[in-house]
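Worksheet for the structure shown next.
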Amino acid sequence: MRATWFAVVTLMCFQVGCAARQGSTYSDLFIPDGEAIYERPLEEVWPEVRRFFTENKLPYKEDEGSLVLETDWRQEFGGSKISSFWHRYMVLGKRETPTTSKLWIIRITKSSSTALSPPGREIDWGVTRAVGLGPGSQNQIDVNAGTGSVAAEPGLSVEDFEDRFDTPQGENSFFAGSGQGSRDLVMEWRVFRSISPKLMKEENAPKPVQVAVAPNAKGGSTAMDFECGLPILGLGKQVKPGGVLLLGEMHGTHEVPRFVAQTSCQTAVAGTPVTVGLELPLESQTRVSAFLDSAGTEADWLKLMEAPFWRSPYPDGRSSEAVANLLEQLRQLRARGLDVDLFVFDYPTMQGQAREDAMAATVRHQVESGPRRFHVILSGNIHSRTRKGLPWDTSFKPMGLLLKDALDSVVSLDMAYNSGSAWICAVDGKGVKDTLDCGIRETKGRDNGDRFFVHTWGGTNGDGYHGVFYVGAVNAAAPAVHKGLGRPGAGDKSLSPMEAPVPRLAVVR
């Protein structure tokens, strides 16, 4: 019965279109509610599965006896030297009945960052699984990871060898880093829409999704050319040409800039040009634009980082390494042909209402100049509110309120997160007047899982927010200058000495 029901739904989708369909294509921004069921035995489906991954240049290894394959690792956003996230697919063939089948596609994500590590993994219990390598042992195991170096791992056991050899190669190779796996329904349906018409010998198959290609891009691109991370739940309902998504953040985390990068990538790959707005000083626009159009060399990074903004004595999180990485990720997407743009809109010399008015005017000009684009505006969560008044100023009109009154489609989301840490500037803990104390602070949030998602309420809360965007557990992102003035992570001291080798913990009083 269930197989028959899915077949009927699938037929209806092909004939009259589903909610996720846009014209003659389907949008990958929508997370399907159900599984894709093939009206063919698994043995007939599997050769087309192999062909799909081969044609889309996703090399794989296969366990032929069990109809399972695993693709090679792909780096998130492209070939960036600073991206620490890698993804691969594990595809499992499932028999529903003797004549029907389905695929489970698990996206496996790994990172050199410890952000995804399960609690307790970092604890050293003082016990090793390797024979003869207990505490104080002089023995070592040398393992060549394929990068030209030999690593000595006293705690590495025979069972770990396969993982070591299987890690991504190159500058971002890692071993025993954090990781997670999630079922990717979007990918399952992407494969289904590609191979099902061939199995059914249908002529009027839906066309592949056309990515938003920049006007000056060379060559054609398809959705499978880009790795945008695990699809963000609920994002598809917000994306539309001319739409404005205001994201009110707590500055100084790694997760929010990555959320913006994934949103930009997924939106453009689904066919909608996207423009990102960042709360950086307006005078940075020339440098930022030049960097986005550059080759991303060390010299290009140095030109970007020469701006005084990045070396402020009070780095509040907007000049973090994560924000610098976001610029690099958007540069990568542009370089590969996606129609992604960025502007800045802050007026740091202004105060109060004058600053809100100026920021709103700049954002409004950008939105009205690009009516066919989707705009993602990231700012502190005071500016993104759409409700008048603050506890200390009842007449205050935030940027979000001004934009809502001036534009047709504005959705404002507050940041939701699990507990962790953030780089925050606050009033000096020692009570020194007019002095900010900047550093890593603990944050208290609510655990809603590890998937990025967008959730709206159908109305607004007391601050004028329409909903939340959730980024999971947060991790503090130190100022980019703490990594040197070159590419964040390079550790060079080319034009300015490193300020503090290890950010100190700011004490909350």
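In this note's numbering, the protein residues as written are 1492 to 2000. For every residue, glycine included, the Cβ atom is placed at its ideal position computed from N, Cα and C.
Anticipated Cβ contact below 8 Å, residue i with residue j, distance rounded
{"i": "asparagine 1816", "j": "proline 1748", "result": "6 Å"}
{"i": "alanine 1913", "j": "valine 1959", "result": "That pair is no contact at about 17 Å."}
{"i": "leucine 1594", "j": "valine 1540", "result": "7 Å"}
{"i": "lysine 1548", "j": "glutamate 1561", "result": "That pair is no contact at about 16 Å."}
{"i": "leucine 1690", "j": "valine 1536", "result": "7 Å"}
{"i": "threonine 1713", "j": "valine 1730", "result": "Not confirmed; about 19 Å, so no contact."}
{"i": "valine 1945", "j": "leucine 1793", "result": "36 Å between Cβ atoms; not a contact."}
Whole-angstrom distance between residue j and residue i, CA atom to CA atom
{"i": "glycine 1514", "j": "glycine 1720", "result": "For glycine 1514, the predicted model reports a pLDDT of 36, less than 50, meaning its position is unreliable; a value from the coordinates is still stated below. Distance between the alpha carbons of glycine 1514 and glycine 1720: 25 Å."}
{"i": "glycine 1733", "j": "alanine 1703", "result": "15 Å"}
{"i": "arginine 1864", "j": "methionine 1796", "result": "28 Å"}
{"i": "valine 1831", "j": "phenylalanine 1717", "result": "13 Å"}
{"i": "leucine 1769", "j": "valine 1918", "result": "24 Å"}
{"i": "proline 1609", "j": "alanine 1964", "result": "Confidence is the limiting factor: at proline 1609 the pLDDT is only 48, short of 50, which leaves the residue's position unreliable and the question unanswerable from this model."}
{"i": "arginine 1932", "j": "tyrosine 1805", "result": "15 Å"}
{"i": "glycine 1936", "j": "lysine 1728", "result": "25 Å"}
{"i": "arginine 1598", "j": "aspartate 1563", "result": "11 Å"}
{"i": "leucine 1892", "j": "glutamate 1567", "result": "35 Å"}
{"i": "alanine 1786", "j": "arginine 1778", "result": "14 Å"}
{"i": "leucine 1894", "j": "valine 1901", "result": "7 Å"}
{"i": "isoleucine 1686", "j": "valine 1867", "result": "34 Å"}
{"i": "glycine 1911", "j": "arginine 1542", "result": "43 Å"}
{"i": "aspartate 1837", "j": "glutamate 1774", "result": "9 Å"}
{"i": "aspartate 1791", "j": "alanine 1781", "result": "8 Å"}
{"i": "histidine 1973", "j": "cysteine 1929", "result": "13 Å"}
{"i": "serine 1602", "j": "tryptophan 1577", "result": "6 Å"}
{"i": "methionine 1850", "j": "phenylalanine 1834", "result": "12 Å"}
{"i": "glutamine 1776", "j": "aspartate 1784", "result": "12 Å"}
{"i": "glutamate 1526", "j": "phenylalanine 1544", "result": "20 Å"}
{"i": "aspartate 1896", "j": "leucine 1824", "result": "32 Å"}
Contacts around residue i, its chain only, beta-carbon distance under 6 Å, and the 5 residues preceding and following it disregarded
{"i": "tyrosine 1956", "result": "Ser1903 and Asp1905"}
{"i": "alanine 1813", "result": "His1745, Pro1748 and Ala1968"}
{"i": "isoleucine 1596", "result": "Tyr1580, Val1582, Asp1675, Met1678 and Glu1679"}
{"i": "proline 1839", "result": "Pro1772"}
{"i": "arginine 1586", "result": "Leu1533 and Ser1592"}
{"i": "cysteine 1916", "result": "Tyr1805, Asp1807, Leu1927 and Cys1929"}
{"i": "tryptophan 1948", "result": "Gly1958"}
{"i": "asparagine 1909", "result": "Gly1936, Asp1938, Gly1963 and Ala1964"}
{"i": "threonine 1951", "result": "His1957"}
Same chain only: Cβ atoms within 7 Å of residue i, ignoring 5 sequence neighbours per side
{"i": "leucine 1898", "result": "Val1735, Arg1855 and Val1858"}
{"i": "glycine 1861", "result": "Thr1766"}
{"i": "serine 1810", "result": "Phe1800, Trp1801, Ser1803, Pro1970 and Ala1971"}
{"i": "lysine 1888", "result": "Gln1844, Glu1847 and Lys1879"}
{"i": "threonine 1754", "result": "Ile1723, Leu1726 and Val1867"}
Reduced DSSP secondary structure (H/G/I, E/B, other) of residue i
{"i": "lysine 1585", "result": "strand"}
{"i": "histidine 1856", "result": "helix"}
{"i": "tryptophan 1577", "result": "strand"}
{"i": "methionine 1841", "result": "coil"}
{"i": "serine 1816", "result": "Before going on, a small fix: residue 1816 reads as asparagine here, not serine. Asparagine 1816: helix per DSSP, three-state reduction."}
{"i": "lysine 1593", "result": "strand"}
{"i": "methionine 1715", "result": "helix"}
{"i": "tryptophan 1948", "result": "coil"}
{"i": "aspartate 1896", "result": "helix"}
{"i": "histidine 1973", "result": "helix"}
{"i": "threonine 1885", "result": "coil"}
{"i": "glutamate 1797", "result": "coil"}
{"i": "proline 1772", "result": "strand"}
{"i": "alanine 1703", "result": "coil"}
{"i": "lysine 1689", "result": "helix"}
{"i": "glycine 1672", "result": "strand"}
{"i": "methionine 1850", "result": "helix"}
{"i": "glycine 1877", "result": "Per the sequence presented here, residue 1877 reads as threonine, with glycine not at that position. Correct three-state label for threonine 1877: coil."}
Identity of the residue in the options nearest residue i by Cα
{"i": "arginine 1531", "options": "Thr1591, Gly1525 and Gln1701", "result": "Thr1591"}
{"i": "glycine 1808", "options": "Phe1834, Gln1753, Glu1740 and Ala1849", "result": "Glu1740"}
{"i": "aspartate 1853", "options": "Asn1939, Met1890 and Phe1576", "result": "It is threonine, not aspartate, that sits at residue 1853 in the sequence shown. Nearest option by C-alpha distance: Met1890."}
{"i": "threonine 1953", "options": "Thr1777, Arg1878 and Cys1916", "result": "The sequence shown places glycine at residue 1953, not threonine. Of the listed residues, the one whose Cα sits closest to glycine 1953 is Arg1878."}
{"i": "lysine 1709", "options": "Leu1737, Arg1684, Gly1828 and Ser1785", "result": "Gly1828"}
{"i": "serine 1673", "options": "Lys1689, Glu1933, Leu1818 and Phe1943", "result": "Phe1943"}
{"i": "asparagine 1939", "options": "Asp1675, Leu1724 and Pro1550", "result": "Leu1724"}
{"i": "arginine 1846", "options": "Lys1794, Leu1824, Ser1870 and Arg1825", "result": "Ser1870"}
{"i": "proline 1550", "options": "Tyr1580, Leu1783 and Val1962", "result": "Tyr1580"}
{"i": "leucine 1738", "options": "Arg1876, Arg1825, Leu1533 and Trp1577", "result": "Arg1876"}
{"i": "cysteine 1756", "options": "His1742, Arg1822 and Gln1776", "result": "Arg1822"}
{"i": "glutamine 1842", "options": "Gly1569, His1874, Leu1793 and Met1715", "result": "His1874"}
{"i": "serine 1575", "options": "Glu1819, Ile1915, Trp1883 and Ser1557", "result": "Glu1819"}
{"i": "serine 1529", "options": "Val1682, His1578, Thr1788 and Thr1545", "result": "A quick correction: the sequence has tyrosine, not serine, at residue 1529. Selected option, being the one with the closest Cα: Val1682."}
{"i": "glycine 1569", "options": "His1973, Ala1826, Met1850 and Asn1872", "result": "Ala1826"}
C-beta neighbour in chain B for residue i, strict 8 Å
{"i": "arginine 1778", "result": "The structure shown contains no chain B; it is built from a single protein chain."}
Own chain residues within Cβ distance below 8 Å of residue i, not counting five before or after
{"i": "valine 1751", "result": "Leu1738, Val1767, Leu1817, Val1867 and Leu1869"}
beta-carbon residue i near the ligand ZN non-hydrogen atom, thresh 7 Å
{"i": "serine 1592", "result": "The ligand ZN is not part of the structure shown, which contains no ligands of any sort."}
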